[in-house]
Amino acid sequence: MVHPYAVAGFLVAVLPLIATPGASLALLIQHVTDSGRRQALPIILGTVTGLYMHATLAVAGLSALVMHSSLAFTAVKLIGAVYLIGLGIWTWRSATPNAAPTPRRQRLSKRVESVYAQALLANVLNPKSAAIYLTLAPQFIAPHQSFGGQILTLATAHALLIAFWLAAWTLLIRRASHALQRSRFKRTVARTTSVVLIALGIRSAAT
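As structure tokens, then:
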């Protein structure tokens, strides 16, 4: 079991990373603005699932292989960059009104699945997220105790913190509900999100 002080220290260390705007927040702003606060849940779940996948891979040692192989690390980084750029382009194009919309219930079901997948892939394909559990998390675990259990405990604390952070942003976004209903405002947010995603992809590929 991880000492409570160690968990608190880990959360303090990852808080600046969580607070730095990234793909999850960009997706949250775009989808909540476009379709309401219900879209926050699949984004939070997708992001949290990605965190647990990185933690599990770190325990298994697979992420260590990627981080210690420059070729594998570069491949993962480029795949993630291409995904973010592609997602940004898709988001820009989706801001254009559809002349033949699908029924609301069917459209909502498909959107929830799509949003979850977007958030999941945005996190899984980010090697910097993997680095948290390979370089930062080990500093807060005791070597004489179960490594896997401690990593998963830290991952759970991390997941709760980022879920709270995204939920707080959801409430903040919805407070501007009147402005959010305007089609022009929605298109502006969607296109701004697309630019952010493309910029994140370019930055990921360049660093």
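Residue numbers (the numbering used here): 1022 to 1228.
All C-beta atoms, glycine included, are put in the ideal place defined by N, C-alpha and C.
- CB of I1039 within 8 Å of CB of L1049, strictly: Their beta carbons are not under 8 Å apart, which means I1039 does not touch L1049 by this criterion.
- Whole-angstrom C-beta distance between L1086 and N1144, which should lie under 8 Å: Actually they do not touch by this definition, with Cβ atoms about 19 Å apart.
- Query: Under three-state DSSP, which class holds V1136?
  - Reply: Taken through DSSP and simplified to helix, strand or coil, V1136 comes out as helix.
- Query: Is A1096 helix, strand or coil when you go by DSSP?
  - Reply: Correct three-state label for A1096: helix.
- Task: Identify, in the order they occur along the chain, each residue of the same chain with its Cβ nearer than 7 Å to the Cβ of A1184, setting aside the five sequence neighbours on each side.
- Result: Once the five neighbours on either side are set aside, the close Cβ partners of A1184 are I1065 and V1069.
- Message: Out of V1028, G1169 and A1163, which one is the CA nearest neighbour of H1075?
- Response: Out of V1028, G1169 and A1163, G1169 has the C-alpha closest to the C-alpha of H1075.
- What span of residues does the alpha helix (DSSP H) with V1053 cover, start to end? Where V1053 is concerned, the enclosing alpha helix (DSSP H) stretches over A1044 to S1056.
- Task: Consult DSSP for L1193 and reduce its assignment to one of helix, strand or coil.
- Result: Note: L1193 maps to helix in three-state DSSP.
- Please look up how many angstroms separate the CB atoms of T1174 and V1023, rounded, as I've assumed it's under 8 Å. The Cβ separation is near 5 Å, so the contact holds.
- What three-state label does DSSP hand I1223 in the structure shown? For I1223, the secondary structure class from DSSP, reduced to helix, strand or coil, is helix.
- Task: State the CB to CB distance for the pair G1043 and L1221, rounded to an integer number of angstroms; the pair is presumed to be in contact (CB under 8 Å).
- Result: Yes, they are in contact, since the Cβ atoms of G1043 and L1221 sit about 7 Å apart, within 8 Å.
- Task: Note down the Cα distance separating L1218 from K1098, rounded to an integer number of angstroms.
- Result: Roughly 14 Å separates the two Cα atoms.
- Candidates T1095, Q1160 and T1077, of which the one nearest T1177 by Cα: Closest option to T1177, judged by alpha-carbon separation, among T1095, Q1160 and T1077: T1077.
- Task: Compare the Cα-Cα distances from S1090 to each of A1152, L1108, A1189 and R1208 and report the closest residue.
- Result: Residue A1152 is the option with its Cα nearest to S1090.
- Query: V1080 to L1182, Cα distance in whole Å?
  - Reply: For V1080 and L1182, the distance between alpha carbons rounds to 21 Å.
- How many Å lie between R1126 and Q1051 at the Cα? In this prediction, R1126 has a pLDDT of 45, which is less than 50 and means its spatial position is unreliable; what the coordinates show is noted afterwards. If you take the alpha carbons of R1126 and Q1051, they lie about 20 Å apart.
- Item | Buried or exposed (CB count within 10 angstroms, at least 16 for buried), Y1026 | The residue in question, Y1026, is exposed, as its Cβ has fewer than 16 Cβ neighbours within 10 Å.
- Item | Rounded straight-line distance, which links the Cα of N1147 to that of V1103 | Counting only the Cα atoms, N1147 lies some 11 Å from V1103.
- Task: Provide the residue span of the alpha helix (DSSP H) that contains G1071, from first to last.
- Result: A1061 to A1081 is the span of the alpha helix (DSSP H), which, as asked, contains G1071.
- Task: Please say whether S1045 and L1141 have beta carbons closer to each other than 8 Å?
- Result: In this structure, the beta-carbon distance from L1141 to S1045 does not fall below 8 Å.
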